[in-house]
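What follows is a single structure, written as structure tokens, with notes after it.
Residue numbers (my numbering): 48 to 551.
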């Protein structure tokens, strides 16, 4: 209880809020926060008065809105921080790549990136350059670049750093690999910027929808006031308990929905869309769950439920029988529907993961033979591929000339585009270095298109749900207006009966 109280006080503390904003590299004065909070409270209180909500109840709603303001402010600066971090990664990846292509020296590339950076990125690069200049360890390049990796946890930064250090220490060709990396960076950055733009539009449309819904919700009170101007008997529903409760619920729902969309419509643009834990849960559900065996074990339960349905029908409890039958069907099909949904998600994960792995392989092939390049990708490969890749490496180490490991690698996913790409790896092992790089780079570019389609499908699924939520405020206002109209009708009927009784 005491811990919860401290958490609440920490949330409401203006001092703590200012510290949290500073930690997110944001700037907001106490005066601006207090003024914004007061304006928000006044706006909510004014809306409550327009709905003719009781003064005390309106005060309660206003206090609730004021309590939500610190969370909204924190979330606003959190979103800005995430967008700023992604912009930093965009600047860093491209500048480091361009600089290294022009002059293959890590220190010069870092200096160039430092010159055009600002804010968090500039401070981070300053520490990295200082470590590179004054570090005394044998892994001075790794130690310096690790500062950037820890500040911006991004797989593409790690891949770039790994290759830069390899070229710096061992020499070798780098232009082809840098072109592959640069194309990957361009595609990734453009996709994320498109997704960010789409989410901003959705948030804007939702805000407009909430404002329109709140305006429409006042039509019933306006209509009642208009009718009273031409009626001898005043008709007012605003004093009823039902109207007050419905109006309060409507305003609170609109506020909560607005806050929900601001908090949940967004993501960490640098990190992966799905965590390794989520991916492995779907992977195990598809390849290691035994849905059929579980269903067969449940047959006795299905028999009992079926018998229950028959008994309920015989005693003429049809509704209860339908409910039990529906539950039985739901239990039967759930394992299979979950497996189907998991299969669709891991297919998209595989497209993105395979393209990432192929990009790392192409980078390694610049200066390594095929087998060594494949082995070097294991530690950093996407989790969706790790089990199959480990088996693949073991089999080709036993017999490097055997073609069967290439046919079985990732075959369990049954994705023809990826299987055909894997089989091409067998043929490139016998090519000369230039032909090998040209072939693998062409393969990588083809898979960029496949991963773009997978990313587009994932973004479409995500934004389609967000787009649907734009209609939720209309359900709120429809509910309120329906209740209001019922109150108007009931009150009109009551007045009619009363006048008829008085006439008699």
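All C-beta atoms in this analysis are idealised placements derived from N, C-alpha and C, irrespective of residue type, glycine included.
Quantities reported herein were computed from a predicted structural model and do not represent experimental measurements.
The alpha helix (DSSP H) with residue i in it runs from where to where?
i, result
"residue 248", "222–263"
"residue 149", "102–149"
"residue 49", "49–59"
"residue 284", "Counting along the chain, residue 284 falls outside any alpha helix (DSSP H), and DSSP gives it neither H nor E."
"residue 426", "Careful: residue 426 lies outside any alpha helix (DSSP H) and carries neither H nor E."
"residue 458", "Where residue 458 is concerned, there is no enclosing alpha helix (DSSP H), given that its DSSP letter is neither H nor E."
"residue 183", "Careful: residue 183 lies outside any alpha helix (DSSP H) and carries neither H nor E."
"residue 217", "202–217"
"residue 330", "323–334"
Tell whether a beta-carbon distance below 8 Å holds between residue i and residue j.
i, j, result
"residue 425", "residue 437", "yes"
"residue 302", "residue 463", "no"
"residue 505", "residue 395", "yes"
"residue 210", "residue 141", "no"
"residue 128", "residue 172", "no"
"residue 254", "residue 534", "no"
"residue 308", "residue 99", "no"
"residue 513", "residue 249", "yes"
"residue 520", "residue 257", "yes"
"residue 220", "residue 488", "no"
"residue 475", "residue 417", "yes"
"residue 495", "residue 402", "yes"
"residue 190", "residue 178", "yes"
"residue 58", "residue 151", "no"
"residue 64", "residue 120", "yes"
"residue 312", "residue 431", "no"
"residue 91", "residue 108", "yes"
"residue 310", "residue 122", "yes"
"residue 77", "residue 61", "yes"
"residue 260", "residue 524", "yes"
"residue 499", "residue 154", "no"
Go ahead and pull the three-state DSSP assignment for residue i.
i, result
"residue 75", "coil"
"residue 513", "helix"
"residue 465", "helix"
"residue 527", "helix"
"residue 415", "coil"
"residue 70", "helix"
"residue 166", "helix"
"residue 431", "helix"
"residue 297", "helix"
"residue 347", "helix"
"residue 450", "coil"
"residue 375", "helix"
"residue 404", "helix"
"residue 441", "helix"
"residue 315", "coil"
"residue 152", "coil"
"residue 421", "helix"
"residue 81", "helix"
"residue 361", "helix"
"residue 493", "helix"
"residue 505", "helix"
"residue 518", "coil"
Can you say whether residue i is buried or exposed, counting buried as having 16 or more other CB atoms within 10 angstroms of its CB?
i, result
"residue 515", "exposed"
"residue 95", "buried"
"residue 482", "exposed"
"residue 82", "exposed"
"residue 445", "exposed"
"residue 166", "exposed"
"residue 502", "buried"
"residue 203", "buried"
"residue 126", "buried"
"residue 429", "buried"
"residue 267", "buried"
"residue 452", "buried"
"residue 370", "exposed"
"residue 324", "exposed"
"residue 391", "exposed"
Which whole-angstrom value describes the C-beta separation of residue i and residue j, a residue pair presumed to lie in contact below a C-beta threshold of 8 Å?
i, j, result
"residue 264", "residue 297", "6 Å"
"residue 227", "residue 410", "7 Å"
"residue 407", "residue 206", "6 Å"
"residue 134", "residue 143", "In fact, because the Cβ distance is near 15 Å, the residues do not count as touching under 8 Å."
"residue 440", "residue 459", "Actually they do not touch by this definition, with Cβ atoms about 16 Å apart."
"residue 88", "residue 112", "6 Å"
"residue 243", "residue 420", "Actually they do not touch by this definition, with Cβ atoms about 35 Å apart."
"residue 353", "residue 375", "7 Å"
"residue 465", "residue 412", "No, residue 465 and residue 412 are not in contact; Cβ-Cβ is about 18 Å, not under 8 Å."
"residue 289", "residue 530", "7 Å"
"residue 195", "residue 175", "6 Å"
Quick check on residue i - is its C-beta less than 8 Å from some C-beta in chain B?
i, result
"residue 418", "No chain B is part of this structure, which consists of one protein chain only."
Within 7 Å: the Cβ of residue i and any heavy atom of the ligand SAM?
i, result
"residue 226", "Ligands in the displayed structure: none, and consequently the ligand SAM is not present."
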